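Enquirer:
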Amino acid sequence: MKHLSLVDIKIALPAIYVFGDSFVDNGNNKAILENKDAIGRGYFPFEIYFDGKPTGRVTNGRIGVDFIAIVAGLPYPPPIMGMSKIDRKRIRTVVNYASGSSGLLPQNGHFLNVINFFQQVDLFKITTMEDLKSKFDSCKGFTQYLYKSLFFIHHTGNHLGITFEAEMAKKYSIDKYAKLLIKDNVSPLGCSTFSINTKNHSGPCVEEINNRVSVYNDLFPSLLKNSQSTLSGSTFALEDIYKEFQDVFEMSESYGE
Numbered sequence: 001m002k003h004l005s006l007v008d009i010k011i012a013l014p015a016i017y018v019f020g021d022s023f024v025d026n027g028n029n030k031a032i033l034e035n036k037d038a039i040g041r042g043y044f045p046f047e048i049y050f051d052g053k054p055t056g057r058v059t060n061g062r063i064g065v066d067f068i069a070i071v072a073g074l075p076y077p078p079p080i081m082g083m084s085k086i087d088r089k090r091i092r093t094v095v096n097y098a099s100g101s102s103g104l105l106p107q108n109g110h111f112l113n114v115i116n117f118f119q120q121v122d123l124f125k126i127t128t129m130e131d132l133k134s135k136f137d138s139c140k141g142f143t144q145y146l147y148k149s150l151f152f153i154h155h156t157g158n159h160l161g162i163t164f165e166a167e168m169a170k171k172y173s174i175d176k177y178a179k180l181l182i183k184d185n186v187s188p189l190g191c192s193t194f195s196i197n198t199k200n201h202s203g204p205c206v207e208e209i210n211n212r213v214s215v216y217n218d219l220f221p222s223l224l225k226n227s228q229s230t231l232s233g234s235t236f237a238l239e240d241i242y243k244e245f246q247d248v249f250e251m252s253e254s255y256g257e
């Protein structure tokens with residue numbers, strides 16, 4: 001991870017459609033909240049190394065899907081909430097539906113009025129799906145186009161952090177809770193600035209939250225394997241972002257500023 005090169009990577013993708021939370025939100029919350037208290041609106045150091053101004057990304061530079069778009073030779077996926085009706089009908093190659101603070105549960109982020117995962121999917125159906133159909137001569141051509149496209153779904157664990165600590169903790173043990181959801185590996189949420197600043201902890205991170213995430217992540221590979229065997233024709237890849245984040249957190253000096 002210390003030396004990541006995109007020079008020799010080739011990806012043939014007709015389109016990229018992005019769903020998820022703040023890790024991939026590049027402006028939807030900013031548009032929804034009309035710049036009022038929107039995460040990524042204009043706080044240092046968001047996007048100081050990308051375009052020189054904040055667009056809604058909660059990072060100091062590009063987000064993961066930006067790099068995928070570069071490799072695929074596609075433009076950066078624009079946030080759906082920042083697009084006009086005309087633009088929504090015109091563009092077909094890349095669209096971002098992600099919304100910060102959302103999760104895989106309807107109640108994730110409801111107090112912030114963000115777009116939860118189910119709403120993101122519904123929005124995809126009534127925008128991209130409807131607008132694309134008329135651009136293809138046959139249903140088969142449309143289906144093949146979607147089949148070859150990349151649907152990037154990234155939820156880091158809002159349903160394991162704040163949301164889980166209330167009603168969900170009363171209803172489910174963490175192992176049973178994990179089996180209700182199929183998603184990507186979760187990062188060490190206990191090391192996030194939010195957790196560190198709002199939770200009691202004796203070490204550098206909030207171990208209670210990290211332990212919860214670890215149990216969830218240990219169960220994930222078997223869920224992924226089951227999904228692979230159930231959904232024939234699909235390809236699943238596991239990215240262990242827990243270890244990646246842990247590496248950066250523990251050896252931050254080797255990664256520069």
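Position 150 of the sequence shown, counted from 1, bears residue number 150 in this note's numbering, the numbering being contiguous throughout.
Ideal Cβ placement from N, Cα and C applies to all residues, glycine included.
In this text the structure is predicted, and so the values were computed from the model without any measurement.
Are residue 190 and residue 217 touching if we call contact CB-CB under 8 Å?
Expert: Against the sequence shown, residue 190 aligns to sequence position 190. Against the sequence shown, residue 217 aligns to sequence position 217. Not in contact: residue 190 and residue 217 (Cβ atoms no closer than 8 Å).
Enquirer: Are residue 11 and residue 65 close, meaning C-beta to C-beta below 8 Å?
Expert: Taking the first residue of the sequence shown as 1, we reach residue 11 at position 11. Taking the first residue of the sequence shown as 1, we reach residue 65 at position 65. Contact flag unset, no.
Enquirer: Can the beta-carbon of residue 126 be found closer than 8 Å to that of residue 19?
Expert: Walking along the sequence shown from the start, residue 126 turns up at place 126. Walking along the sequence shown from the start, residue 19 turns up at place 19. No. Outside cutoff.
Enquirer: Nearest to residue 73 by CA position, among 94, 83, 194 and 63, is which residue?
Expert: The residue given as residue 73 occupies position 73 in the sequence shown. Answer by Cα proximity: 94.
Enquirer: I think residue 123 touches residue 97, with their Cβ atoms under 8 Å apart; what is that distance to the nearest whole Å?
Expert: Walking along the sequence shown from the start, residue 123 turns up at place 123. Walking along the sequence shown from the start, residue 97 turns up at place 97. Yes, residue 123 and residue 97 are in contact; Cβ-Cβ is about 6 Å, under 8 Å.
Enquirer: Please confirm whether residue 149 and residue 15 have their CB atoms less than 8 Å apart.
Expert: As a first step, residue 149 is located in the sequence shown; it is residue number 149 there, counting from the start. As a first step, residue 15 is located in the sequence shown; it is residue number 15 there, counting from the start. Cβ distance < 8 Å, so residue 149 and residue 15 count as in contact.
Enquirer: Cβ atoms of residue 22 and residue 100: under 8 Å apart, would you say?
Expert: Position 100 of the sequence shown holds residue 100. Position 22 of the sequence shown holds residue 22. Contact: yes.
Enquirer: Using the Cβ count rule (16 or more neighbours within 10 Å means buried), how would you classify residue 81?
Expert: As a working mapping, residue 81 is identified with position 81 in the sequence shown. So residue 81 ends up on the buried side.
Enquirer: In this structure, does DSSP put residue 142 in helix, strand or coil?
Expert: In the sequence shown, counting from the first residue as 1, residue 142 sits at position 142. If DSSP states are grouped into helix, strand and coil, residue 142 belongs with the helices.
Enquirer: Hey, out of 137, 119, 142 and 138, whose CA is closest to residue 129's CA?
Expert: In the sequence shown, counting from the first residue as 1, residue 129 sits at position 129. When each option's Cα is compared against that of residue 129, the closest is 142.
Enquirer: Sort 193, 139 and 253 by Cα distance to residue 59 and report the nearest one.
Expert: Locating residue 59 in the sequence shown gives position 59, where the first residue counts as 1. Considering only alpha carbons, the answer is 193.
Enquirer: Might you give, ordered along the chain, the residues of its own chain that have their beta carbon closer than 6 Å to the beta carbon of residue 177, omitting 5 neighbours on each side?
Expert: Within the sequence shown, the letter at position 177 stands for residue 177. Here residue 177 scores only 39 on pLDDT, less than 50, and its place in the model should not be relied on; the value that follows carries that caveat. Excluding residues within five positions, none has a Cβ falling inside 6 Å.
Enquirer: Classify residue 29 as buried or exposed, calling it buried when 16 or more other Cβ atoms lie within 10 Å of its own Cβ.
Expert: Numbered from its first residue, the sequence shown carries residue 29 at position 29. With 16 or more Cβ atoms within 10 Å of its Cβ, residue 29 is classed as buried.
Enquirer: Drop a sphere of 10 angstroms on the beta-carbon of residue 180, count the other beta-carbons inside from all chains shown, and report buried for 16 or more, exposed for fewer.
Expert: Here residue 180 corresponds to residue number 180 of the sequence shown, with the count starting at 1. For residue 180, the pLDDT reaches just 38, beneath the cut-off of 50, and the residue's location in the model is therefore unreliable, although a value from the coordinates is still provided. Burial call: exposed.
Enquirer: In chain order, what are the residue ranges of uninterrupted beta strand (DSSP E) at least 3 long that sit wholly in the stretch 47 to 77?
Expert: none
Enquirer: I need the DSSP call for residue 153, collapsed to helix, strand or coil.
Expert: Within the sequence shown, numbered from 1, the residue matching residue 153 stands at position 153. Strand.
Enquirer: Among the candidates 115, 212 and 250, whose CA atom is the shortest distance from the CA of residue 27?
Expert: Within the sequence shown, numbered from 1, the residue matching residue 27 stands at position 27. The option with the nearest alpha carbon to residue 27 is 115.
Enquirer: If you drop the 5 nearest sequence neighbours on each side, which residues of the same chain put their C-beta closer than 8 Å to that of residue 137?
Expert: Indexing the sequence shown from 1 puts residue 137 at position 137. Once the five neighbours on either side are set aside, residue 137 has no close Cβ partner at all.
Enquirer: To the nearest angstrom, how far is it from the Cα of residue 199 to the Cα of residue 75?
Expert: As a first step, residue 199 is located in the sequence shown; it is residue number 199 there, counting from the start. As a first step, residue 75 is located in the sequence shown; it is residue number 75 there, counting from the start. If I take the Cα positions, the gap works out to 39 Å.
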